[in-house]
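Residue 455 is where the sequence shown ends in my numbering, and the numbering goes up by one at each step. Backbone N, C-alpha and C define an ideal beta-carbon position, used for all residues, glycine too. Every value quoted in this text rests on a predicted model; they were computed, and no experiment measured them. The structure under discussion appears below in the form of structure tokens.
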Amino acid sequence: MKIGVPKEIKNNENRVGMTPAGVFELVKNGHTVYVQSTAGEGSGFFDDDYLQVGAIILDTIEGVYLKSDMIVKVKEPVDREYNLIQENQLVFTYFHFASSETLTKAMITSKAICIAYETVEDADGTLPLLTPMSEVAGRMAIQQGAKYLEKPIKGRGVLLGGVPGVPPGRVLILGAGTVGIQAAKMAAGLGAHVTILDINMKRLRHVNDIMPSHVVTEFSNEYNIRKHIKTHDLIVGGVLIPGAKAPSLITRDMLKEMHPGTVIVDVAVDQGGCIETTKATTHENPTYIIDDVVHYCVANMPGAVPYTSTVALTNVTLPYVLKLANMGWEKACQTDKSLQKGLNIVKGAIVYEGIAEAFGWEVSCS
Ligand SMILES: NC(=O)c1ccc[n+]([C@@H]2O[C@H](COP(=O)([O-])OP(=O)(O)OC[C@H]3O[C@@H](n4cnc5c(N)ncnc54)[C@H](O)[C@@H]3O)[C@@H](O)[C@H]2O)c1
Numbered sequence: 090m091k092i093g094v095p096k097e098i099k100n101n102e103n104r105v106g107m108t109p110a111g112v113f114e115l116v117k118n119g120h121t122v123y124v125q126s127t128a129g130e131g132s133g134f135f136d137d138d139y140l141q142v143g144a145i146i147l148d149t150i151e152g153v154y155l156k157s158d159m160i161v162k163v164k165e166p167v168d169r170e171y172n173l174i175q176e177n178q179l180v181f182t183y184f185h186f187a188s189s190e191t192l193t194k195a196m197i198t199s200k201a202i203c204i205a206y207e208t209v210e211d212a213d214g215t216l217p218l219l220t221p222m223s224e225v226a227g228r229m230a231i232q233q234g235a236k237y238l239e240k241p242i243k244g245r246g247v248l249l250g251g252v253p254g255v256p257p258g259r260v261l262i263l264g265a266g267t268v269g270i271q272a273a274k275m276a277a278g279l280g281a282h283v284t285i286l287d288i289n290m291k292r293l294r295h296v297n298d299i300m301p302s303h304v305v306t307e308f309s310n311e312y313n314i315r316k317h318i319k320t321h322d323l324i325v326g327g328v329l330i331p332g333a334k335a336p337s338l339i340t341r342d343m344l345k346e347m348h349p350g351t352v353i354v355d356v357a358v359d360q361g362g363c364i365e366t367t368k369a370t371t372h373e374n375p376t377y378i379i380d381d382v383v384h385y386c387v388a389n390m391p392g393a394v395p396y397t398s399t400v401a402l403t404n405v406t407l408p409y410v411l412k413l414a415n416m417g418w419e420k421a422c423q424t425d426k427s428l429q430k431g432l433n434i435v436k437g438a439i440v441y442e443g444i445a446e447a448f449g450w451e452v453s454c455s
């Protein structure tokens, strides 16, 4: 198969759909890989790295789309790419169709086969191509939180690890899922005292089993949240109710109960956030302050660490890319039920119920 890796053109996107390691595997399996010149630079992979493993470097994005049977990328196509996508071309990337009717209509018109990373789903309901980004964001939450706790950037002036003779900082984590557990691990590693809340007892038991004793689990309810916000320096929001807006677990009135300079990192901002005062920010301007509480609410946290994010993402996408290239999309989706769930739009027809529902349309086929 001919596989194309275009350079991402969405604003501030530095990840790339395939690393040289991925190209190496595909070429070894007899496929041809076209990589757009400088596509990997933002993630630290250069044209020479791709050339050495057998890729063909093309100068233009048009060339990559024109020559390829399958496009492997990171973000949803932007306007400029809509007309480059061809009938029967396979496009494997994050799409998030339900959030853009324009994109959905453009992909229907293209008659391409769109397999969305975010809906590839394992039998236990987990989303294997989303998990790595939650892992990155969960770990980054502590790194960012620790920075914004510094006084010159309006934080409380607390060092998370403390020093001999001074107690460590206190980190409150809402949600013991992927984000929450990775955040707890980083905070615990720095020596902070960690309290982690969830409504799922299985998750809390798991955290209790695997974490050191300075990570304390508690059931998530308003009483406990109101109690803990008064004594914690850094609060991480990592709750998710699948398919719904995140609940506002910390309301505006609660900010006044916190110490001035408390930092909130609301990772769940992409689902509306679990703090009432959350509004999405960017890496250029990541924080704002309300009632002396620093809010960090960047909606694409992994974008700040493109090397780690690219490698983490492509580690999990490559096995599917190989399967699609070796078997063709129809056979690959027949034999792999997880991958089949990734089928969103096929040759002009919506085949994923959630998208049709989002716009009040009929599902065309299944
Ligand atoms: N900002 C970013 O860059 C970024 C990056 C990756 C993920 N995210 C977002 O982070 C959020 C968390 O993702 P995840 O992968 O950890 O999800 P997850 O499903 O693994 O974990 C969510 C947890 O929230 C818990 N929860 C639900 N209601 C709760 C409540 N009332 N109190 C406490 N806990 C509650 C669930 O039981 C679950 O354990 C999602 O919204 C995800 O989209 C954001």
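Element boundaries [alpha helix (DSSP H), containing residue i]
i: Leu279; result: 267 to 279
i: Val400; result: 395 to 416
i: Leu249; result: Run containing Leu249: none; DSSP gives neither H nor E here.
i: Val225; result: 220 to 237
i: Asp355; result: No alpha helix (DSSP H) holds Asp355; the beta strand (DSSP E) holding it covers 352 to 355.
i: Met196; result: 190 to 199
Burial state of residue i, where buried means 16 or more other Cβ atoms lie within 10 Å
i: Gln423; result: exposed
i: Asn100; result: exposed
i: Arg104; result: buried
i: Phe448; result: exposed
i: Ser132; result: buried
i: Arg294; result: exposed
i: Val410; result: buried
i: Tyr312; result: exposed
i: Thr306; result: buried
i: Asp355; result: buried
i: Val325; result: buried
i: Ser302; result: exposed
i: Pro109; result: buried
i: Ala369; result: exposed
i: Lys240; result: exposed
i: Asn389; result: buried
i: Gly246; result: exposed
Segment limits, beta strand (DSSP E) that includes residue i
i: Arg259; result: 259 to 263
i: Val124; result: 121 to 125
i: Gly93; result: 91 to 94
i: Gly326; result: 323 to 326
i: Tyr206; result: No beta strand (DSSP E) holds Tyr206; DSSP gives it neither H nor E.
i: Asp287; result: 282 to 287
i: Ile378; result: 376 to 379
Per-residue DSSP class, three states only, for residue i
i: Thr215; result: coil
i: Glu307; result: strand
i: Leu155; result: helix
i: Thr149; result: coil
i: Lys162; result: coil
i: Thr108; result: coil
i: Thr340; result: coil
i: Phe184; result: coil
i: Ser455; result: Model confidence at Ser455 stands at a pLDDT of 44, short of 50, so the residue's coordinates are unreliable; what they give is reported in the following sentence. If DSSP states are grouped into helix, strand and coil, Ser455 belongs with coil.
i: Asp298; result: helix
i: Ile444; result: helix
i: His384; result: strand
i: Val435; result: strand
i: Val142; result: coil
i: Leu293; result: helix
i: Leu508; result: Outside the displayed span of the chain (90 to 455) sits residue 508, for which this structure offers no information.
i: Leu179; result: strand
i: Val167; result: coil
i: Ile364; result: strand
i: Thr424; result: helix
Any non-hydrogen atom of ligand 3 within 7 Å of residue i CB
i: Pro166; result: In the structure on display, ligand 3 does not appear, and the ligands it does have are ligand 1.
8 Å Cβ cutoff met for residue i and residue j
i: Tyr464; j: Ala205; result: Nothing about residue 464 can be reported from this structure: the residues present for the chain run from 90 to 455 only.
i: Thr371; j: His384; result: no
i: Leu249; j: Leu279; result: yes
i: Ala230; j: Val268; result: yes
i: Tyr139; j: Lys91; result: no
i: Gln360; j: Leu338; result: no
i: Ile379; j: Leu344; result: yes
i: Leu238; j: Gly258; result: yes
i: Gly214; j: Ala272; result: no
CB contact below 8 Å: residue i versus chain D
i: Pro336; result: The structure shown contains no chain D, having only a single protein chain.
Exercise for review: Report yes or no: do the region 344 to 352 and the region 282 to 299 share at least 3 C-beta pairs separated by less than 8 Å?
Suggested key: no
Practice item. May I ask you to verify whether the region 398 to 410 touches the region 213 to 222, counting CB pairs closer than 8 Å and requiring at least 3? Key: yes
Review point. Does the pairing of the region 260 to 275 with the region 426 to 436 give three or more beta-carbon distances under 8 Å?
Key: no
Check your understanding: Counting pairs of beta carbons, one from the region 191 to 211 and one from the region 230 to 239, are three or more of them closer than 8 Å?
Key -> no
Practice item. Indicate whether the contact test is met: 3 or more Cβ pairs, each with one atom in the region 135 to 150 and one in the region 158 to 167, closer than 8 Å. Key: no
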